[in-house]
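Asks: Starting off with a structure, shown below.
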Amino acid sequence: MSLFWRIYGLNALVLGAATALLLWAPVTVSVPVLLTEAAILVGGLAVMLVANAALLRIGLAPLDRLTRLMTTVDLLRPGQRLSVAGHGGVPNLIRTFNDMLERLEAERAASTARALSAQEGERRRLSQELHDEVGQSMTAVLLGLKQVADRAPEPLAAEVRQAQETTRQSLDEVRRLARRLRPGVLEDLGLTSALTSLTTDFATHTGLEVTGRFDPDLPPLTSDTELVLYRIAQESLTNAVRHSDAQHIRLTLQHEPGEVMLRIEDDGSGIRLEREGAGIRGMRERALLVGATLEISPGEKAGTRVSLFVPATEENA
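Numbering-wise (the UniProt record's numbering), the sequence shown opens with residue 1 and increments by one.
This is the structure we're talking about:
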């Protein structure tokens, strides 16, 4: 039954019941109207209005649920669907909306995969240029400064050595940026070694206590899955350092029944969950690429906990 005929039928039912009561009820209307008769008529009208409102509420409830979902749906949290039963205008509308959500989620996942693939390619190119061009140029500058320092008199030699030390620190920073842009250790030594290097690097350059605990019995994962795990760990550590005022960060990677869990937890000031920034939404997009689930919640005592659950399926093996 279409929505029009459903609403028409509900109103016809109420009006028909009222007409039947007027026909068979021993009630007459005097002229002028008596107070008791007016009370009965007003009471009947009130009953009609209440019954009509209740029936319309029941009939339009699926549209209310659809409206609420349309205002809150988020493609980064897939699987939000409305239950539907029966046939007709409203069930068909809900089915169409559910199908549209499936298409949008599939298109969003495909476009995100292309965008992130292009981003990783650009990162590899920049890392290679930093390593090959900038790194080699700064190395040549270091060698030239060393030769000048060896031949210069002592007051000038001290200044040259100071410039040499500054250049060496800048070269180390360039190499660190190149490693962050393209984690070569992930490709060469695997996920555990890459995460160990990442925690060590963050602890060295931030002065925070960053500890890692890694399960030695991890199932085999695809390169895309390992890259997603690494990037989410990297972004979570960066957020903890920038925004949480944390002193200790704990990173855990372990194998649980049917899934691999990555967890980053700090003891900072916590995170506001009312509005997610670009970094968190970027992590959600990466998680969708491998069918993972990302959860962000307060820690046990304080701070923020980021948990990523990657299904250990054949696609990720």
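We treat Cβ as the ideally placed atom computed from N, Cα and C, and that holds for glycine.
Buried or exposed: residue 230, going by 16 or more other Cβ atoms within 10 Å of its Cβ?
Replies: When all chains shown are included, residue 230 counts as buried.
Asks: Determine the DSSP secondary structure at residue 21, reduced to helix, strand or coil.
Replies: Residue state, collapsed to three classes: helix.
Asks: Rounded to a whole number of angstroms, what is the C-alpha to C-alpha distance between residue 317 and residue 132?
Replies: At residue 317 the pLDDT is 46, less than 50, meaning the model places this residue with poor confidence; the figure from the coordinates comes in the next sentence. Answer to the nearest angstrom: the Cα atoms are 34 Å apart.
Asks: Are there three or more Cβ pairs, one per stretch, closer than 8 Å when the stretch 115 to 133 is compared with the stretch 89 to 104?
Replies: Too few Cβ pairs lie closer than 8 Å, so no.
Asks: Can you check whether the CB of residue 287 is closer than 9 Å to the CB of residue 293?
Replies: The answer is yes: Cβ separation under 9 Å.
Asks: Which of the three DSSP states is assigned to residue 101 in this structure?
Replies: It is helical.
Asks: In chain order, which beta strand (DSSP E) runs of at least 3 residues are fully inside the stretch 188 to 240?
Replies: If we require 3 residues or more, the beta strand (DSSP E) runs fully inside the stretch 188 to 240 come out as 209 to 214.
Asks: Could you pull the DSSP bridge partners for residue 261 from this structure?
Replies: DSSP, once it has assigned bridges, lists 254, 309 as partnering residue 261.
Asks: Nearest CA to the CA of residue 160: which residue from 260, 143, 181?
Replies: That would be 143, whose Cα lies nearest to the Cα of residue 160.
Asks: From what residue to what residue does the alpha helix (DSSP H) around residue 155 run?
Replies: Residue 155 -> alpha helix (DSSP H) spans 154 to 181.
Asks: Tell me, to the nearest whole angstrom, how far the beta carbon of residue 249 is from that of residue 208; I am working on the premise that it is less than 8 Å.
Replies: With a Cβ gap of about 6 Å, residue 249 and residue 208 count as contacting.
Asks: Is the stretch 42 to 52 in contact with the stretch 71 to 82, if contact means three or more CB pairs nearer than 8 Å?
Replies: Touching, no.
Asks: Could you round the C-beta distance between residue 82 and residue 69 to whole angstroms and report it? I think they count as a contact, below 8 Å.
Replies: So it is a contact: roughly 6 Å between Cβ atoms.
Asks: Assuming residue 90 and residue 55 are in contact, meaning their beta carbons sit under 8 Å apart, how far apart are those beta carbons, in whole angstroms?
Replies: Not confirmed; about 15 Å, so no contact.
Asks: Return the bridge partner residues of residue 248 from the DSSP annotation.
Replies: According to DSSP, which records beta bridges pairwise, residue 248 is partnered with 209.
Asks: Are the beta-carbon atoms belonging to residue 212 and residue 252 less than 9 Å from one another?
Replies: Yes.
Asks: Just confirm the distance between the C-beta atoms of residue 240 and residue 262, as a whole number of angstroms; I'd bet it's less than 8 Å.
Replies: No, residue 240 and residue 262 are not in contact; Cβ-Cβ is about 14 Å, not under 8 Å.
Asks: Just reading off the alpha helix (DSSP H) that residue 285 is part of, what are its end residues?
Replies: Segment 278 to 289, the alpha helix (DSSP H) holding residue 285.
Asks: Taking residue 217 as the reference, which of 9, 17, 65, 312 has the closest Cα?
Replies: Out of 9, 17, 65, 312, 312 has the C-alpha closest to the C-alpha of residue 217.
Asks: Sort 299, 298, 246, 235 by Cα distance to residue 278 and report the nearest one.
Replies: Checked all of 299, 298, 246, 235; the closest Cα to residue 278 is 235.
Asks: With distance defined between alpha-carbon atoms, name the residue in 80, 52, 51 nearest to residue 65.
Replies: Residue 65 has its Cα closest to that of 80, out of 80, 52, 51.
Asks: When the distance is taken between beta carbons, is residue 176 closer than 9 Å to residue 205?
Replies: Taking 9 Å as the Cβ cut-off, residue 205 and residue 176 qualify as a contacting pair.
Asks: Taking the straight line between their C-alpha atoms, what separation do you get for residue 10 and residue 257?
Replies: If I take the Cα positions, the gap works out to 53 Å.
Asks: Tell me the rounded alpha-carbon separation between residue 304 and residue 298.
Replies: Spanning the two alpha carbons is a distance of roughly 5 Å.
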